[in-house]
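Protein chains in written order, with the working numbering: chain A, 1 to 307; chain C, 308 to 604.
Everything on this sheet refers to the single structure shown next.
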């Protein structure tokens, strides 16, 4: 039924056999995790955000579900540090799957150092995490200021040769930050990260997370993510990887219509059958393209803006 | 045409039209059970008592008893102790409206849990993990359960469910010293179960390892299933034993579990890509041999 429909897409110069990757933060910190993600059927593996040194992250609880099919996490950028990058990249190469290393940092030099290790290890691209909402001194603390975004992206882009993606989160400045990231040399934007949130237990009267703040993901943030992708695409027409509540072919299609060249999945891998999910989305997208009378996915990217 | 599109009747090529016409029925949500297990459900501590040196038993009453439906033996809950920690505990027993856990006080979280008095509130995320399917065991046969140390925690509920399936259990419980032991029958009134204890320092029961005692029992009696629970060394040594044909062999593993829902990957059972929290903790011995043979605890 879907013969002849081409889902091949391109992000930051990477050729992907279909538009569905995992989002950073779902597994992705050991070779075994990479193998598991590969079995999920993703077209590229995105690593857990790596910092220069090992980070134990926040103490549990680190993830809970919330009413409305959302997850709230406060993992706290737990990761093995730069020594964890080469084994991950090696495993991805062994499996012949593109690998994007998510890079974190609390200052410009840390981003450069981690991105350089990713490049030396043979990663296909790096994704700069400028938007983690729950780790003080990292992520959104840096990325909510467009000038910081420019500074970090520019510094990394001028140091390494592999493509740089900038992952931005929800903020009033997001369109401006997106522009600054592109100006700084980002080849694509990943939009959006989880949204800063708080959950309180009404019996103990305490915040659920010791760290108080968490990042909300999944279905509740999908329309917000679509809005950001829509606005940024409308303004700047960059290559975008859409993230936030993608859980089936329809939510993926919405992201693509809003302007995403590819999508990433996190929460749905946890709440749905992770071994079937990508396959179902890919098949659903093929059927959808046929319904639209389109021969390849590239024709659907940002189509809502042209309709 | 795929069924997901059967409600779509739109002109081809008009994206804006299609955006409004695609039916939500296309994305039927099959994940609601998993989702509910991942919610944090409030529960009130009913009792919290010391059973032996290091081992405690806490009983809790969830505000809504829904999370107590269909709990399988060897499934676990992430127990949130407000302002302190969240720890994975396997289910020790269930009643109509309460759930119990036996736990070893070893870190800050379990220490904080042991300090909770009746009336305190906690949060329960679960049931999690695959659990043990008692219906797979041949009725009227016998099961041998081998528990190492705090691996005894899920045994009462396991015995109870096996009994309902008409499977009688013998239990081997191995500990370092007799101070860790408590009378299992105290938490298992009314059940016909033989308990064999083994101590490494020879202070009570069989002098030696639980795995050695288990092998002796396997040579003496006929069992249809062997379920070993506890630290890696005991599972490893039992998995290495050449077993007679017809004996099903399961192990329930321990690992560091942080998120409990397959996202963080801290419970990956290297060198495999299996995650204890979603694929386990129960495995057939053969399915997890690579991990067991890798060494370590």
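Quick reminder that beta carbons are idealized off the backbone N, C-alpha and C, glycines included.
8 Å Cβ cut-off: residues of chain C touching residue i
{"i": "residue 30 of chain A", "result": "572, 575, 577"}
{"i": "residue 33 of chain A", "result": "572, 575, 580"}
Sub-7 Å separation of residue i and residue j beta-carbons
{"i": "residue 409 of chain C", "j": "residue 421 of chain C", "result": "no"}
{"i": "residue 214 of chain A", "j": "residue 249 of chain A", "result": "no"}
{"i": "residue 495 of chain C", "j": "residue 439 of chain C", "result": "no"}
{"i": "residue 191 of chain A", "j": "residue 240 of chain A", "result": "yes"}
{"i": "residue 247 of chain A", "j": "residue 262 of chain A", "result": "no"}
{"i": "residue 537 of chain C", "j": "residue 476 of chain C", "result": "no"}
{"i": "residue 353 of chain C", "j": "residue 368 of chain C", "result": "yes"}
{"i": "residue 349 of chain C", "j": "residue 38 of chain A", "result": "no"}
{"i": "residue 189 of chain A", "j": "residue 178 of chain A", "result": "yes"}
{"i": "residue 480 of chain C", "j": "residue 429 of chain C", "result": "no"}
{"i": "residue 88 of chain A", "j": "residue 156 of chain A", "result": "no"}
{"i": "residue 238 of chain A", "j": "residue 12 of chain A", "result": "no"}
{"i": "residue 516 of chain C", "j": "residue 466 of chain C", "result": "no"}
{"i": "residue 457 of chain C", "j": "residue 484 of chain C", "result": "no"}
{"i": "residue 212 of chain A", "j": "residue 258 of chain A", "result": "no"}
{"i": "residue 277 of chain A", "j": "residue 124 of chain A", "result": "no"}
{"i": "residue 22 of chain A", "j": "residue 51 of chain A", "result": "no"}
{"i": "residue 462 of chain C", "j": "residue 452 of chain C", "result": "yes"}
{"i": "residue 346 of chain C", "j": "residue 65 of chain A", "result": "yes"}
{"i": "residue 185 of chain A", "j": "residue 153 of chain A", "result": "yes"}
{"i": "residue 47 of chain A", "j": "residue 17 of chain A", "result": "no"}
{"i": "residue 331 of chain A", "j": "residue 216 of chain A", "result": "No information on residue 331 of chain A is available, as it lies outside the stretch 1 to 307 that chain A covers here."}
{"i": "residue 431 of chain C", "j": "residue 355 of chain C", "result": "no"}
{"i": "residue 61 of chain A", "j": "residue 403 of chain C", "result": "no"}
{"i": "residue 274 of chain A", "j": "residue 40 of chain A", "result": "yes"}
Contacts of residue i in chain A (Cβ-Cβ under 9 Å)
{"i": "residue 371 of chain C", "result": "Residues of chain A passing the Cβ test: none, with the nearest at roughly 12 Å."}
{"i": "residue 520 of chain C", "result": "Under the 9 Å cutoff, chain A gives no residues; its nearest Cβ is about 34 Å from residue 520 of chain C."}
{"i": "residue 387 of chain C", "result": "60, 61, 64, 201, 204, 208"}
{"i": "residue 425 of chain C", "result": "Within chain A, no residue comes near residue 425 of chain C; the closest Cβ sits about 14 Å away, beyond 9 Å."}
{"i": "residue 349 of chain C", "result": "201, 202, 203, 204"}
{"i": "residue 346 of chain C", "result": "64, 65, 66, 67"}
Contact set between residue i and chain C, taken where Cβ atoms lie within less than 9 Å
{"i": "residue 6 of chain A", "result": "Near residue 6 of chain A there are no residues of chain C at all, since even the closest Cβ is about 17 Å away, more than 9 Å."}
{"i": "residue 78 of chain A", "result": "565, 571, 573"}
{"i": "residue 210 of chain A", "result": "390, 391, 392"}
Within chain C, partners of residue i - CB distance below 7 Å
{"i": "residue 54 of chain A", "result": "Residues of chain C passing the Cβ test: none, with the nearest at roughly 13 Å."}
{"i": "residue 62 of chain A", "result": "565, 566, 571"}
{"i": "residue 36 of chain A", "result": "580"}
{"i": "residue 59 of chain A", "result": "392"}
{"i": "residue 69 of chain A", "result": "342"}
{"i": "residue 75 of chain A", "result": "571"}
{"i": "residue 26 of chain A", "result": "570"}
Identified DSSP bridge partners for residue i
{"i": "residue 236 of chain A", "result": "DSSP lists no partner for residue 236 of chain A."}
{"i": "residue 217 of chain A", "result": "A:71"}
{"i": "residue 6 of chain A", "result": "A:296"}
{"i": "residue 393 of chain C", "result": "C:387"}
{"i": "residue 127 of chain A", "result": "A:102, A:165"}
{"i": "residue 351 of chain C", "result": "C:368, C:428"}
{"i": "residue 190 of chain A", "result": "A:167, A:241"}
{"i": "residue 21 of chain A", "result": "A:264"}
{"i": "residue 118 of chain A", "result": "Its beta-bridge partners do not exist; DSSP assigns none."}
Beta-carbon neighbours of residue i, restricted to chain A and to distances below 7 Å
{"i": "residue 410 of chain C", "result": "Neighbours of residue 410 of chain C on chain A: none; closest Cβ ~15 Å, over 7 Å."}
{"i": "residue 432 of chain C", "result": "64"}
{"i": "residue 457 of chain C", "result": "Near residue 457 of chain C there are no residues of chain A at all, since even the closest Cβ is about 18 Å away, more than 7 Å."}
{"i": "residue 489 of chain C", "result": "Going along chain A, no residue has its Cβ under 7 Å from residue 489 of chain C, so there is no contact; the nearest lies around 28 Å."}
{"i": "residue 428 of chain C", "result": "203, 204"}
Heavy atom of the ligand COA within 6 Å of residue i beta-carbon
{"i": "residue 509 of chain C", "result": "No copy of the ligand COA appears in this structure; indeed no ligand is present at all."}
> What residue ranges within the segment 49-107 of chain A form continuous beta strand (DSSP E) runs of no fewer than 3 residues, ordered along the chain?
Replying inline: 63-66, 70-73, 99-103, all fully within the segment 49-107 of chain A.
>> As an exercise, report each continuous alpha helix (DSSP H) stretch of at least 4 residues that is fully enclosed by the segment 407-476 of chain C, in chain order.
In response: Secondary structure in the segment 407-476 of chain C: the alpha helix (DSSP H) runs of 4 residues or longer, each lying completely within the stretch, are 415-421, 462-471 in chain order.
> Which whole runs of the beta strand (DSSP E) in the segment 143-187 of chain A are 3 residues long or more, in chain order?
Replying inline: 164-168, all fully within the segment 143-187 of chain A.
> Per the contact definition of three or more C-beta pairs closer than 8 Å, is the segment 526-534 of chain C in contact with the segment 18-38 of chain A?
Replying inline: Touching, no.
> Touch check for the segment 429-438 of chain C and the segment 368-387 of chain C: three-plus C-beta pairs under 8 Å?
Replying inline: Contact holds: three or more Cβ-Cβ distances are below 8 Å.
> Looking at C-beta atoms only, is the number of pairs between the segment 481-494 of chain C and the segment 354-371 of chain C that lie closer than 8 Å three or more?
Replying inline: Segments in contact, yes.
> Do the segment 294-304 of chain A and the segment 219-227 of chain A touch if we need at least three Cβ pairs shorter than 8 Å?
Replying inline: Contact fails: fewer than three Cβ-Cβ distances are below 8 Å.
> Which of the residues in the segment 190-205 of chain A, read from start to end, lie with their CB under 9 Å from any CB of chain E?
Replying inline: The structure shown has no chain E; the protein chains it does contain are A and C.
> Looking at C-beta atoms only, is the number of pairs between the segment 594-603 of chain C and the segment 573-582 of chain C that lie closer than 8 Å three or more?
Replying inline: Taking 8 Å as the limit for Cβ pairs, the verdict is that the segment 573-582 of chain C does touch the segment 594-603 of chain C.
>> For the structure I just gave you, are there three or more beta carbon pairs, one from the segment 67-74 of chain A and one from the segment 93-111 of chain A, closer than 8 Å?
In response: Cβ pair count under 8 Å is below three, so no.
>> Does the structure place the segment 131-144 of chain A close enough to the segment 168-179 of chain A that three or more beta carbon pairs sit under 8 Å?
In response: Counting C-beta pairs closer than 8 Å gives three or more between the segment 168-179 of chain A and the segment 131-144 of chain A, which meets the contact rule.
>> Counting beta carbon pairs with one atom in the segment 146-157 of chain A and one in the segment 118-125 of chain A, are three or more of them shorter than 8 Å?
In response: No, because fewer than three Cβ pairs between the segment 118-125 of chain A and the segment 146-157 of chain A fall closer than 8 Å, the two stretches do not touch.
>> Count Cβ pairs between the segment 584-594 of chain C and the segment 564-572 of chain C that sit closer than 8 Å; are there 3 or more?
In response: Result yes; three or more Cβ-Cβ pairs closer than 8 Å.
>> Three Cβ pairs or more, each shorter than 8 Å: is that satisfied between the segment 504-517 of chain C and the segment 555-564 of chain C?
In response: Result no; under three Cβ-Cβ pairs closer than 8 Å.
>> Just to confirm the assignment: which complete beta strand (DSSP E) runs, minimum length 3, are found wholly within the segment 354-379 of chain C?
In response: Scanning the segment 354-379 of chain C for uninterrupted beta strand (DSSP E) segments of 3 residues or longer gives 362-369, listed from N- to C-terminal end.
> Where are the alpha helix (DSSP H) runs, 4 residues long or more, that stay fully inside the segment 249-296 of chain A, in chain order?
Replying inline: Listed in chain order, the alpha helix (DSSP H) elements of length 4 or more contained wholly in the segment 249-296 of chain A are 249-258, 267-271, 274-292.
> What residue ranges within the segment 471-552 of chain C form continuous alpha helix (DSSP H) runs of no fewer than 4 residues, ordered along the chain?
Replying inline: Those alpha helix (DSSP H) runs which fall completely within the segment 471-552 of chain C and span 4+ residues are 491-494, 517-527, 539-546.
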